[in-house]
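See below for the structure under consideration.
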Amino acid sequence: MNILVAGGSGFIGTSFINKVFYETDYNICNLDKLTYAASNSFSEEIIKSKRYSFIKKDICDANLINLFEKFNPDIIINFAAESHVDNSINSPKAFLKTNIFGTFNLIQNTSQFLSKQQTKNKMNFKFIQISTDEVFGDLNDSTEIYFDEESNYNPSSPYSATKAAADHLIASWQRTYEFPAIKINCSNNYGPYQNREKLIPLVITNAIQGKKIPIYGNGKQKRDWIFVEDHAEALIKIVKEAKVNSKYNIGARNILTNLDLVKNICQILDKVFPPSKNNFLKQNLQSYYELVIYVKDRPGHDVFYGINPKKIERELNWRPKVSLEQGLTKTIKWYVDMIKKEHQNE
Ligand SMILES: NC(=O)c1ccc[n+]([C@@H]2O[C@H](COP(=O)([O-])OP(=O)(O)OC[C@H]3O[C@@H](n4cnc5c(N)ncnc54)[C@H](O)[C@@H]3O)[C@@H](O)[C@H]2O)c1
872 MNILVAGGSG FIGTSFINKV FYETDYNICN LDKLTYAASN SFSEEIIKSK
922 RYSFIKKDIC DANLINLFEK FNPDIIINFA AESHVDNSIN SPKAFLKTNI
972 FGTFNLIQNT SQFLSKQQTK NKMNFKFIQI STDEVFGDLN DSTEIYFDEE
1022 SNYNPSSPYS ATKAAADHLI ASWQRTYEFP AIKINCSNNY GPYQNREKLI
1072 PLVITNAIQG KKIPIYGNGK QKRDWIFVED HAEALIKIVK EAKVNSKYNI
1122 GARNILTNLD LVKNICQILD KVFPPSKNNF LKQNLQSYYE LVIYVKDRPG
1172 HDVFYGINPK KIERELNWRP KVSLEQGLTK TIKWYVDMIK KEHQNE
């Protein structure tokens, strides 16, 4: 099995490639432009393996077909995106280019590639589009009915609007051209290798260095968190078992407010790396929570995301394995080590 991973050097792509490499015998081709968000941190074992290849390329590149013909993928999975909501508010253009045009370009090149394949090779081909729960907009604060696969699209930010546009392109190509796609909408991921601009790494790395921990608005926005390795494991199941034209919402039933999330992180960090033992701090702190400050809310900020994951649980028998406490502890330890290494190298 040959799997082509677009955007494989980013946060979720890294976790996915690690799982594919160590838990299957598939060959992996990672196609990534390596934007500022890419971590591109794979083990020597992966980098040197004949089963792994890396191509530095933009998904907007006109001639992806040449690469597809050379690698001959059975699966194409698209993680490549501009992914930070704040950046999409300040400079949306790159989001339209990569998230909309880039997805269109991948679809076009995939269709051309498939049109040259023999029918038997096409039968099991899957294009998997990785999307987000943010395309559904936000939920009413008091609701207990969360987003499922049939929820209406109602994106609020330029980021989610471009992801929604890509999902609509996929759906229209499925219907009009029988494009063999699967669509995945996942909740907020957290874990190692995420760029520090995102909430959880920002809170951890600021706290360790004694910088303020900014909270948007009143901090009451609710998010549904999933440990990235649980998402990656669900995607492996989808690669192996899901049928073309299916769609799955993925979430781990961990809904909490941003403020409670930050409290949890500070409590764990207080135990893992107590302020009294932290030489990076220039101030005396009892708890990292003392660093919290409230800042002006993000324009158009969604109040509440929540995923109903019943379909993937029922059809593919997938369940998340990592609790929020375990996942946060693992993530915090990873960022503490990273900051320590950075300071050693200075
Ligand atoms: N992080 C989350 O919480 C979350 C939740 C749901 C869905 N998603 C979706 O999952 C996907 C991956 O998210 P992530 O958090 O890993 O993002 P990320 O920003 O960490 O990684 C994106 C990767 O795509 C690459 N890339 C960007 N533009 C490219 C281009 N034009 N051509 C080729 N490569 C390009 C980057 O170099 C990077 O390696 C995205 O599509 C995102 O919308 C993310």
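Just so you know, we're using my numbering here: the sequence shown kicks off at 872 and counts up by one. All residues carry an ideal CB built from backbone N, CA and C; glycine is no exception.
What three-state label does DSSP hand residue i in the structure shown?
| i | result |
| --- | --- |
| Ser1043 | helix |
| Asp1004 | helix |
| Phe925 | strand |
| Ala1052 | strand |
| Leu1073 | helix |
| Tyr1119 | strand |
| Tyr1087 | strand |
| Tyr1024 | coil |
| Ala1036 | helix |
| Phe1018 | strand |
| Leu977 | helix |
| Tyr897 | coil |
What are the start and end residues of the beta strand (DSSP E) that includes residue i?
| i | result |
| --- | --- |
| Arg1094 | 1093 to 1098 |
| Val1163 | 1163 to 1166 |
| Cys931 | Run containing Cys931: none; DSSP gives neither H nor E here. |
| Thr1128 | 1126 to 1128 |
| Leu875 | 873 to 877 |
How would you call residue i, buried or exposed, if buried means at least 16 neighbouring beta carbons within 10 angstroms?
| i | result |
| --- | --- |
| Lys1114 | exposed |
| Arg1094 | buried |
| Tyr1061 | buried |
| Pro1145 | exposed |
| Ala867 | Residue 867 lies beyond the stretch modelled for the chain, which goes from 872 to 1217, so this question has no answer here. |
| Glu1015 | exposed |
| Gln1154 | exposed |
| Ala1103 | buried |
What is the rounded straight-line gap between the Cα of residue i and the Cα of residue j?
| i | j | result |
| --- | --- | --- |
| Glu940 | Phe984 | 7 Å |
| Lys1167 | Asn1129 | 14 Å |
| Lys1091 | Asn1135 | 14 Å |
| Asp1009 | Ala1052 | 26 Å |
| Cys1137 | Tyr1048 | 50 Å |
| Ala1036 | Asn970 | 8 Å |
| Lys921 | Glu915 | 12 Å |
| Met994 | Val1143 | 50 Å |
| Ser959 | Thr1033 | 9 Å |
| Ile1097 | Gly884 | 15 Å |
| Ile888 | Asn1025 | 31 Å |
Using only the heavy atoms of ligand 1, determine whether one of them is closer than 8 Å to the beta carbon of residue i.
| i | result |
| --- | --- |
| Leu905 | yes |
| Asp1004 | yes |
| Lys1069 | yes |
| Phe950 | yes |
| Leu1106 | no |
| Cys900 | no |
| Ile888 | no |
| Phe822 | The structure shown does not extend to residue 822, since the chain spans only 872 to 1217, so no value can be given for it. |
| His955 | yes |
| Asp929 | yes |
| Asn1089 | no |
Hey, could you find the ends of the alpha helix (DSSP H) residue i is sitting in?
| i | result |
| --- | --- |
| Asp957 | 956 to 961 |
| Ile1210 | 1195 to 1215 |
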